[in-house]
Structures are given as structure tokens and as C-alpha cells.
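Notes for the one structure printed next.
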Amino acid sequence: MSEQATSNSTEWCDLIRDIKENVSDGRGRLALAAEHPNVKPRFVSFIDQLAYEFECIQQLRVLTAWAKVTLATDDSKTRLLNCLREEGFHISHKAEGIIHQEAFRISTERTTIGLYRRRVDDLGFRSGARFDEILARLDQAGFCTCPNETPLQLRRHYKEQPKNEWLTVISEPIVGPDGEPSILTVANNSNGLSVYGRYARPDSLFLPEQQLVFCLK
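Positions 78 to 294 (the working numbering) are the ones given, in order, by the sequence shown.
Encoded structure:
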């Protein structure tokens with residue numbers, strides 16, 4: 078038996094022992110659960126999901142940057158917005174409302190940051206995930222939220238974005254004029270190369286196929 082297998086076996090033994098000792102009637106409940114007709118398929122499904130999540134986390138930890146953007150290219154967010162419009166980009170009403178909030182700030186020091194990109198299911202969430210689950214998984218794998226300015230600079234940089242592609246930039250949510258915490262999405266749709274807003278409450282759901290952009294810690 079390998080050292081890893083021995084370690085995992087020990088952990089499972091410790092878990093079962095903990096249930097026996099600390100859960101009310103733990104021994105009896107374990108024995109009862111073992112008689113359940115679906116214990117094997119559920120256990121196999123549980124182990125499969127854990128293995129899938131671990132594999133995704135391992136792949137995230139060796140992920141290389143997909144793109145780079147430079148922050149603080151303009152001296153104010155108003156100037157940055159005007160430049161984006163002059164360059165032909167579409168900024169939605171919701172996105173503009175988010176950007177004009179006091180909490181939305183652009184960087185004061187010019188710096189170039191790497192951006193990383195993955196689908197929600199690439200983070201280990203086969204059925205999609207809540208926003209707070211996504212943040213926790215990124216933190217677990219060594220990533221973090223992007224500066225507020227990032228989606229605007231990405232929009233300027235990513236002119237070759239394929240039609241009908243949407244990239245949600247994971248950042249600290251900004252409470253918009255509607256009172257809802259929101260983040261920005263970079264898209265190419267019927268309005269052309271665009272920036273949109275989307276809700277980002279802790280319980281906001283993201284579908285498995287949704288594309289996310291985030292930063293390294």
C-alpha cells in the first residue's frame with residue numbers, strides 16, 4: 078500500500094472515529110447508514126466529486142496567465158470611460174452606474190498584472206456555484222479578486238474577443254445604484270465589444286460553462 082493510500086485510510090478512520098465519539102448515537106447512526114440501499118452509489122459519487130475537485134485545484138495551481146493588462150493608464154475613471162467610448166466600445170447603463178460609484182476606484186500607480194481564465198466547472202463545480210463558493214475556491218488555489226479597473230482595461234486590450242463570448246471579471250462587488258452588489262462582464266454581442274454589469278451577491282449563481290477571469294495572489 079502506498080504512503081498516500083495509508084494516509085487517506087488513516088484520515089477516514091479518524092473521521093469515522095470522530096463521528097462515533099462526537100455525534101449523538103454516532104455508532105448507531107453509522108451502522109444504520111451502512112444498511113441504506115444507496116450507500117454504495119452515494120459514497121462512490123461523493124468520492125468521485127472529491128477527486129474531481131482536488132484534480133481541478135491541482136490544475137489551477139499550475140495555471141499560466143492568459144493575458145496581461147496595464148492599470149492606471151488614465152488619470153480618472155471619467156477619462157477612462159470617455160476613452161473607451163471614443164474607441165468604440167459599448168458601456169451598458171448598469172455597468173456605467175457601477176463605475177460611477179465612489180467605491181469603484183482606478184489604480185494610482187501604473188502596473189501590469191496577469192489575468193487567469195477558467196470556466197466555473199474548471200474550478201470543480203460541475204453543477205455551477207455561488208459567488209461566495211467561487212471566491213473561496215480561488216483563494217484555496219492561490220488566486221484573488223481583480224482590481225476594479227481590470228474589466229475596463231481588459232475591454233480595451235481584448236479586441237479580438239470572439240462573438241457571443243462573455244467573460245466575468247471576478248472583483249470585489251460594488252453596490253450599484255439599484256442597491257445590489259455587482260461586478261463587470263466583458264462581452265462581444267449584438268452591441269459589439271461591450272462592458273456589462275451583473276449581480277454578485279454571495280448567493281448569486283454562476284452556471285458551469287460561465288467564463289471567469291481572476292488574478293494571482
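The beta-carbon is built from N, C-alpha and C at its ideal position, and this holds for glycine as well.
Using the beta-carbon count (16 or more within 10 Å), is residue i buried or exposed?
i	result
residue 263	buried
residue 206	buried
residue 284	exposed
residue 127	exposed
residue 81	The pLDDT assigned to residue 81 is 44, lower than 50, so where the model puts this residue is not dependable; a value taken from the coordinates is nonetheless given after this. Flag for residue 81 reads exposed.
residue 172	buried
residue 121	exposed
Closer than 6 Å by C-beta to residue i: which residues in its own chain qualify, once you throw out the five before and the five after it? Chain order, please.
i	result
residue 158	none
residue 147	189
residue 85	Low confidence applies here, because residue 85 scores a pLDDT of 49, under 50, leaving its location unreliable; read the following figure in that light. Answer for residue 85: no residue qualifies.
Spatial neighbours of residue i within its chain, please: C-beta separation below 8 Å, excluding the five flanking residues on both sides.
i	result
residue 277	208, 250, 258, 259 and 260
residue 252	178, 180, 258 and 259
residue 223	190, 192, 246, 247, 248, 290, 291 and 292
Looking at the secondary structure, which residues open and close the alpha helix (DSSP H) in which residue i lies?
i	result
residue 185	Premise fails: residue 185 is in no alpha helix (DSSP H) and is neither H nor E.
residue 200	Per DSSP, residue 200 belongs to no alpha helix (DSSP H) and is neither H nor E.
residue 233	227-234
residue 278	Premise fails: residue 278 is in no alpha helix (DSSP H) and is neither H nor E.
residue 217	208-217
Between which two residues does the beta strand (DSSP E) holding residue i run?
i	result
residue 262	258-266
residue 288	288-293
I think residue i touches residue j, with their Cβ atoms under 8 Å apart; what is that distance to the nearest whole Å?
i	j	result
residue 289	residue 194	7 Å
residue 266	residue 241	6 Å
residue 150	residue 187	7 Å
residue 174	residue 294	Rounded, the Cβ-Cβ distance is 30 Å, inconsistent with contact.
Output needed for residue i: all residues of its chain with C-beta closer than 7 Å, excluding positions within five of it in sequence on either side, in chain order.
i	result
residue 130	201
residue 176	154 and 158
residue 199	133
residue 282	205 and 207
residue 275	245, 259, 260 and 262
residue 229	157, 161 and 272
Nearer than 7 Å: is that true of the beta carbon of residue i relative to any heavy atom of the ligand ADP?
i	result
residue 243	In the structure on display, the ligand ADP does not appear, and there are no ligands present to speak of.
### Task
Just list the alpha helix (DSSP H) runs in the stretch 122-177, keeping only unbroken ones of 4 residues or longer that don't cross its boundaries, in chain order.
Counting only unbroken stretches of 4 or more residues, the alpha helix (DSSP H) elements lying wholly within the stretch 122-177 are 154-163 and 170-176, in sequence order.
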